[in-house]
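Read left to right, the sequence shown gives residues 0 to 406 (numbering that gives the first Met the number 0).
C-beta: ideal position from N, C-alpha, C; glycine also.
Only one structure is covered here, and it is reproduced in the block below.
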Amino acid sequence: MRRMLMPLVLAAMWSSPLPVQAQPATPFLELSLDGAVERAVSRSPVLLAAQRDADAAEAALQQAGARANPTLNAAVEDTRRASRSTTATLEWPIELGGKRAARIAVAERSRELAQAVSADTRSRLRAEVAREFFGVLVAQERLALSADSVRLAAAAADAAARRVAAGKVAPIDEARARVDEANAQLEAAEADVALAQARRSLATLWGDAEPDFARVQGDTDALPSRPPFGELLAGLDASPGLQAHRLELDRQRALVDLARSRAVPDLGVSVGAKRDNELGRTLAIVGVSLPLPLFDRQQGGVLEAARRADKAEAEQQQARLQALAALQQACGQLALATTTVRRLKDTVLPAARQAHDAATRGFEAGKFGFLDVLDAQRSLLQARERHLSALSSAHQAAAAIDRLLGR
């Protein structure tokens with residue numbers, strides 16, 4: 000009997016679902032700002048592409064110093080052995096006008112430019128990581144704020160329901176409270192989606208389509224501080240972005256010198272021998288070739304290179320003006336956001352909390368109407384939202400300053 004029951008018991012155990020612990024899709028990992036920057040610097044496809052471009056410029060410099068190869072020429076006249084004539088020559092092109100030195104100068108400027116662009120890409124990436132990181136941090140706080148809003152709205156709705164049940168207020172007050180509670184729940188759902196999008200945007204900076212972290216670790220109340228505008232302005236010209244524009248101008252000027260060197264024709268020197276079977280003699284051959292610059296004297300090439308150099312100079316001036324304007328705007332935004340955060344934290348938020356608590360207690364005691372409670376609640380939530388927005392603006396301005404200065 001036991002032998003008959005044992006398979007049935009095992010089958011029942013096998014068919015019944017066993018309780019298993021669900022594995023979260025995203026590990027609960029708290030990511031710090033330093034960790035995010037380290038990930039981006041080591042894994043960013045954009046930074047890798049910039050570094051590969053710098054490596055290619057180094058290889059181009061090696062190639063620019065190579066001299067021209069000689070050319071071997073061979074010719075046979077007459078296929079009959081007795082009267083056959085065979086000629087072999089070796090020709091060396093000799094570059095004149097400083098072409099090789101001009102090529103090397105262009106390659107050196109190109110290498111320096113690629114290195115500056117790589118450094119600028121790195122600084123921009125670090126600033127972008129900081130901006131997106133604090134974007135996630137603010138989104139987390141916004142989600143927590145929306146949860147508090149739901150809690151406050153639910154508490155207000157429950158208080159209104161108790162007052163309606165006691166016959167002290169009209170049912171319309173409870174209806175208003177339930178509408179506010181539903182709106183708060185919708186805002187909480189939107190905040191959750193916004194947080195997921197912010198986390199995804201941060202992860203894409205190091206090449207991940209989906210984030211492998213659950214939260215970022217940081218203090219949103221910590222205001223970023225930067226030196227005064229005068230000190231920041233002194234370091235603007237040394238930023239990698241403006242250095243790249245200066246090096247591009249140097250490269251274009253080197254291209255002008257290269258175009259001018261190409262106006263000088265190259266000299267060709269050839270040596271060889273000619274074997275004449277009919278005469279039974281071998282003759283030495285020495286030759287020189289020199290193109291005559293009658294029509295093409297590289298006029299258009301020199302003019303094109305000069306105009307491109309003028310364009311690079313104008314772009315450099317425009318880039319500095321734009322960087323200066325952006326630095327002024329970022330410093331002004333940081334100063335305004337800092338003042339706003341401090342005023343909200345020291346004055347507005349405490350007053351809004353005090354007014355909300357007083358309105359809630361007064362409504363429960365029958366001293367205030369429900370509209371007073373809703374107004375106080377909205378004022379508190381608006382002040383907290385504005386506080387978060389000002390913090391976000393301050394961090395974005397600080398990231399913009401770091402990006403402009405290459406920090």
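Contact check for ALA188 against ASP172 fails: the beta carbons are separated by 7 Å or more. Taking 7 Å as the cut-off, the beta carbon of ASP371 is found no closer than this to the beta carbon of ALA389. When only Cα atoms are considered, VAL347 and LEU335 end up about 16 Å apart. Assignment of LEU282 by DSSP, reduced to helix, strand and coil, places it in the strand class.
PRO170 and LEU373 have their C-alpha atoms spaced approximately 15 Å apart. Going by beta carbons, PHE132 and ALA35 fall inside the 7 Å limit. Here LEU379 is buried, its C-beta having at least 16 other C-beta atoms within 10 Å. Distance check between ASN68 and each of ILE400, GLN321, LYS366, PRO92 places PRO92 closest, using alpha-carbon atoms only. SER378 carries a helical assignment under DSSP once its states are collapsed to helix, strand and coil. Pairing THR85 with GLY279, the inter-Cα distance amounts to about 12 Å.
For GLY300, the enclosing alpha helix (DSSP H) begins and ends at 298 to 342. DSSP lists SER84, ARG280 as the beta-bridge partner residues of ASP275. Beta-carbon to beta-carbon, LEU28 and ASP207 are separated by about 13 Å, too far to satisfy the 8 Å threshold.
Beta-bridge partners assigned by DSSP to ASN182: none are found. Check the Cα spacing between GLN315 and each of HIS244, ALA190, ILE400: the tightest is with HIS244. Comparing C-alpha distances from TRP205 to each of ARG406, VAL255, VAL45 shows the shortest one belongs to VAL45. The beta-carbon distance between VAL268 and VAL287, rounded to whole angstroms, is 6 Å. This is short enough to meet the 8 Å contact definition. Exposure of ASP157 is indicated by the presence of fewer than 16 other C-beta atoms within 10 angstroms of its C-beta. Our two residues, GLY299 and ALA129, have alpha carbons roughly 48 Å apart in a direct line. Distances from the alpha-carbon of VAL270 to those of GLU57, ASP236, GLU90 put GLU90 closest. The bridge partners DSSP lists for ILE93 are LEU266.
By the C-beta criterion, the stretch 293 to 309 is judged not to be in contact with the stretch 107 to 120, since fewer than 3 inter-stretch pairs fall below 8 Å.
Within the stretch 205 to 274, the complete alpha helix (DSSP H) segments at least 4 residues long are 228 to 233, 239 to 260, listed from N- to C-terminus. Each residue's CA atom was taken as its position, placing CYS330 and ALA55 some 38 Å apart.
When rounded, the separation of the alpha-carbon atoms in ASP191 and THR203 is 19 Å.
For a cut-off of 8 Å, the C-beta gap from GLN242 to ALA311 is around 14 Å, too long to register as a contact. As the crow flies, the alpha-carbon of THR120 is around 9 Å from that of GLY240. The DSSP-derived three-state label of ALA364 is coil. Counting along the chain, THR120 sits inside the alpha helix (DSSP H) bounded by residues 98 to 164. Within the same chain, and ignoring the five residues on either side of ALA101 in sequence, the residues whose Cβ sits closer than 6 Å to its Cβ are ASP256, LEU257, SER260. Inter-residue distance for ARG319 and GLN332 is about 20 Å (C-alpha atoms, whole angstroms). DSSP, reduced to helix, strand and coil, places ALA169 outside both helices and strands of the structure shown, so it counts as coil. Contact between LEU343 and HIS394 fails: their C-beta atoms lie close to 15 Å from each other, not under 8 Å. With at least 16 other beta carbons inside 10 angstroms of its own, ILE400 counts as buried. According to the DSSP assignment, ALA74 belongs to the beta strand (DSSP E) that extends over 70 to 76.
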